[in-house]
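Protein chains in written order, with the numbering used here: chain L, 57 to 137; chain C, 57 to 137; chain D, 37 to 262; chain R, 102 to 844. These notes are about the structure you will find just below.
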Ligand SMILES: Nc1ncnc2c1ncn2[C@@H]1O[C@H](COP(=O)(O)OP(=O)(O)O)[C@@H](O)[C@H]1O
Ligand SMILES: [Mg+2]
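See the structure below:
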């Protein structure tokens, strides 16, 4: 069993109300480390055995078609150990 | 500028209706690779310079206090290049 | 009796909650999230809405508002505190009530007239109801599924701390059909459906919700919660 | 590209400018040069191009829309007419109500959730801008066939977006429409209506009066959103150094808008603004030029002061950005301190960006350099006006000649089949899968919402004054005859208000059509406007505002002409409204109005693949008598229930009535085949207590409305001419369609 992770984030030029809210809340709690916060989605996909190249290509396709909306989002696919 | 990533996932024993919905939608689109899908959140935090150990400790604290709810979620903190 | 109604940025049902308090015969006092003063109120309602847009997690940001400090302190000494919907989420995030509220199992917002059964009519907010009384009030939320671990669930069931349950089909995926929960002492109640929208059959499905507000006035008149 | 200043425009008169890429025609570009006496700077060009676009200038529709003003009945009820952000109507007791519909069709196709969400956000700001507290929203929607794959993509997203934004603002959703038709497959329609209430004294206008007053921008920071949303501008034509592609889709932040509403209402309550304008289409270009031309005439703006979300934006882009959740106010210097204080209380970003001046110059600087110097009126109001050619399309005569040939029920089995089929067809099926995603209770003043004929909200808790609104369009009829179609939609919306006993008062509209460059579409448009204007005269109702959406088409196929008409009514005591259905047995059911064989454009014909024939004629005099009868019946407490007959005919009306409170009915109709499915306008089914029979007969006769006894209420079945359908069976048919399709 392996895990494929798809991270989906809003494109940088798109407003991210959630990230903004977190960025505003952190200093109110005394946390001052963040210059900026963006919030996205993380999908953990479990697959049988080691993922093949063909399988990863399929995941890319699914990420583009279902897991993200390319008009406003970008995604990355990777295998996690 | 560096990026600290906090990943927040529902604990395995907590039902994840979003992940379930994705897992159900994939085969309808002809994607058959997924045994299981879990959906969580990804926070990208921009900080000035290379994050120090002290800063990372602060992020851990913020992740525990604000970014996740320990009743239902777990989190990981890491620096991304 | 003075009942405080808190307004966080993004709170929506504050005016409705205040109206419900007045209908029940109390005085509603509005409390501002950024003001750490309770202005002498005898009880507090955290109303519904989308405080801070419900971004991050519902209630997660408002739970740290300045006004929450005196509220938590007073509630821990027995002051009646009711969290409705988003208010319930704030109570859970503040760990005043065990468990958490998560995404509805159907993944979308639902607004419907919901039948409930009152399971515990001994709390500060439910004493006006009969034992096992069935009522209909609006349910409206996107993240109303009550979740907790098995141990907590057994404890809540064992101690009779589930104050109301959904009747019929589970509307949102809550464990054990839980619609409302109280703390050990019975002064703090978290409730997912909206009694403040059911105080008059002209504007709500029924007037069944009024009981929550008359309950607290009765409890306060009797000297509060032991 | 280096900063293009006015000085440079003078020094380099021959610089080549991408006016065509910005959607301007050569003659329009020439006209700009003529106005300015020089070539425009790139910022000026950006402003003119967005403000002279179809969306902002109404250049194709203006000459037709004029009729709404010219033909209008004079009425004291209209406090603010067409031209402002939204019209304002007097509803008595010192209250004024403002309402308007807008379209967000194209963005919703590209990004259903955000497109629909920002559509709600935009119309709510229009209402807020008038000084009103928004009190409810509605959402007339049109989609491709319910079974189509793309409908499964867009519908759930659009519904979630409307709910996501509206619910978060705390605005009850009190009604709308959902219609499926193949012409909307590549171009769904998302129209959003908002209604707001204020005291007469609180009305605000978009004008920047008083030299020395401050221009204040407040709300969200400006980003690169929606640049090119208004015209077809691609920002690369400005060779900006920023991100290669500026997003054409905006993401809304309903939380910021909610805070903006509360903050603005507090500012209005303390009377701190002279004028106000929201930033919608064309963003700052629109707000500054409209405010300036509505007021003293001049304005100076320091554009570099605008708070930015994306620091790489060029001045041209800032002027065009359609970032959501922003407002622009004109504030006297003595009141600015308090203004800033309220913004701080609500944590709203606020910046003074300029001041009002005398004269006729809108001057915009960027770090001290003059980049815009234009007469504001020329940007805001003197845009091009087109006399687009129009001609009756060939299909009109063809379809008019078609005979409708559909099976009509005679036997009990056929009656059952007709009723159950209509109950389940997507256009008539129960819409709760959609409407239950909308909060209808928030604010605690909702008297009626879906599935009632109209939405109704109480506006005064002491006096029980309320308003009712309905939106309607019948695109099938508009397709057959756009003139009658517009009138029929007006009649239906008015009737839907009157069934509850409210009195129609004012009209708004959202005119959704294909390309105005197609003479046939332009004819549909012209005929619809003429029909609506004439209809409003006949019914004595003013048009208070509206919206035009052109270019709704897939390839060369236009959508059906879809004029969505909204009617607002007033009711003096919401407690006395007539509900849509009955909850007890033993009441008498009657049909008000006559039934003819009106099958053209009907749902039954559509179900049988037929869209030809002649649309019914709209008899608005009759409609007025019917409305009077409905209002009288309410005040005289004659009716127990009233529900109009429209799409799906009597079959649909009876289905909705018996299922509403789960009380059946037994009826007997003459000529049952036609009676069940005909869609003759001007009809309503009422339920009355037997003791009210004579009162009803007298009332109907005195209003000249035909009255037919249908049967009685009661039981757990709907029985029509002996054909029995159990309520359970009917409910399953009616309620399962949408959940099965969408999940
Ligand atoms: N998109 C929508 N949003 C809110 N309410 C809707 C929507 N679509 C339909 N409704 C409501 O469902 C009910 C039935 O709609 P419809 O059959 O179109 O009504 P009518 O024929 O009276 O115009 C009405 O109350 C209408 O307002
Ligand atoms: Mg109707």
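Even for Gly, the Cβ is constructed at its ideal location relative to N, Cα and C. Since we're looking at a predicted model, the values are computed, not measured.
Check                                                                                                                                                                                                         : Outcome
Listed in chain order, which residues of the segment 76-105 of chain L have Cβ atoms closer than 9 Å to some Cβ of chain R?                                                                                   : 76, 77, 80
Out of D/155, D/73, D/81, D/199, point me to the one whose CA is closest to residue 127 of chain D's CA.                                                                                                      : D/81
Between the alpha carbons of residue 336 of chain R and residue 110 of chain R, how many angstroms are there, rounded?                                                                                        : With a pLDDT of 33 at residue 336 of chain R, under the threshold of 50, the modelled position of that residue is not reliable, and the figure given next carries that caveat. Cα to Cα, the separation comes out at about 20 Å.
Could you give the C-beta distance for residue 356 of chain R and residue 88 of chain D, rounded to a whole number, given that I count them as a contact under 8 Å?                                           : 6 Å
Count the other C-beta atoms from every protein chain shown that fall within 10 angstroms of the C-beta of residue 117 of chain R, then say buried if there are 16 or more, exposed otherwise.                : exposed
What's the C-alpha gap between residue 443 of chain R and residue 366 of chain R?                                                                                                                             : 10 Å
Rounded to a whole number of angstroms, what is the C-alpha to C-alpha distance between residue 395 of chain R and residue 233 of chain D?                                                                    : 42 Å
Quick one: complete alpha helix (DSSP H) runs, 4+ long, within the segment 286-330 of chain R?                                                                                                                : none
Under the DSSP definition of a beta bridge, which residues are partnered with residue 670 of chain R?                                                                                                         : R/569, R/605
Of all the options R/319, R/781, R/259, which has the alpha carbon lying nearest to the alpha carbon of residue 747 of chain R?                                                                               : R/781
On the DSSP bridge list, what partners appear for residue 744 of chain R?                                                                                                                                     : R/786
Go ahead and pull the three-state DSSP assignment for residue 479 of chain R.                                                                                                                                 : helix
Out of R/562, R/589, R/178, R/184, point me to the one whose CA is closest to residue 236 of chain D's CA.                                                                                                    : R/562
Got a sec, what are the start and stop residues for the beta strand (DSSP E) residue 467 of chain R sits in?                                                                                                  : 463-467
To the nearest whole angstrom, what separates the beta carbons of residue 175 of chain D and residue 150 of chain D, a pair I think is in contact under 8 Å?                                                  : 4 Å
Within the segment 718-743 of chain R, note down every full alpha helix (DSSP H) run reaching 4 residues or more, in order along the chain.                                                                   : 721-736
Cα-Cα, which of R/618, R/613, R/108, R/114 is closest to residue 630 of chain R?                                                                                                                              : R/613
By the three-class DSSP mapping on this structure, what secondary structure does residue 539 of chain R have?                                                                                                 : coil
Any residues in the segment 132-159 of chain D with a beta carbon nearer than 9 Å to a beta carbon of chain C? Which ones, in chain order?                                                                    : 134, 135, 136, 138, 139, 140, 141, 142, 143
Could you spell out where the alpha helix (DSSP H) holding residue 206 of chain R opens and where it closes?                                                                                                  : 206-211
For the beta strand (DSSP E) that residue 810 of chain R lies in, which residues bound it at each end?                                                                                                        : 808-814
Roughly how many whole angstroms lie between the Cα atoms of residue 126 of chain C and residue 66 of chain C?                                                                                                : 9 Å
From the DSSP output, in three-state form, read off residue 519 of chain R for me.                                                                                                                            : helix
Beta-carbon within less than 6 Å of residue 299 of chain R's beta-carbon, same chain only, minus the 5 sequence neighbours each way: which residues are those?                                                : 197, 232, 233
Kindly list the residues whose CB is nearer than 6 Å to the CB of residue 212 of chain R, restricted to its own chain and excluding five residues on each side of it in sequence; keep chain order.           : 350
Compute the Euclidean distance between the alpha carbons of residue 69 of chain C and residue 79 of chain L, then round it to the nearest angstrom.                                                           : 30 Å
Ignoring anything shorter than 3 residues, give me the beta strand (DSSP E) runs that lie fully in the segment 152-208 of chain D, in order along the chain.                                                  : 170-177, 181-183, 198-202
Out of D/58, D/60, D/147, point me to the one whose CA is closest to residue 542 of chain R's CA.                                                                                                             : D/147
Near residue 677 of chain R, what residues of its chain come up, given a Cβ to Cβ distance below 8 Å and the 5 sequence neighbours on each side ignored?                                                      : 602, 735, 736, 738
Spell out whether any CB of chain D is found under 8 Å from the CB atom of residue 127 of chain C.                                                                                                            : yes
Can you give the Cα-Cα distance for residue 609 of chain R and residue 572 of chain R, rounded to whole angstroms?                                                                                            : 9 Å
For the segment 812-827 of chain R against the segment 725-735 of chain R, do three or more pairs of beta-carbon atoms, one drawn from each stretch, fall closer than 8 Å, so that the two count as touching? : no
May I ask you to list the residues that DSSP assigns as paired with residue 98 of chain L?                                                                                                                    : L/63, C/96
If we cut at 8 Å on Cβ distances, does residue 86 of chain D have a partner in chain R?                                                                                                                       : yes
Would you identify the three-state DSSP class for residue 116 of chain R, choosing helix, strand or coil?                                                                                                     : coil
What is the DSSP secondary structure of residue 68 of chain D, reduced to helix, strand or coil?                                                                                                              : strand
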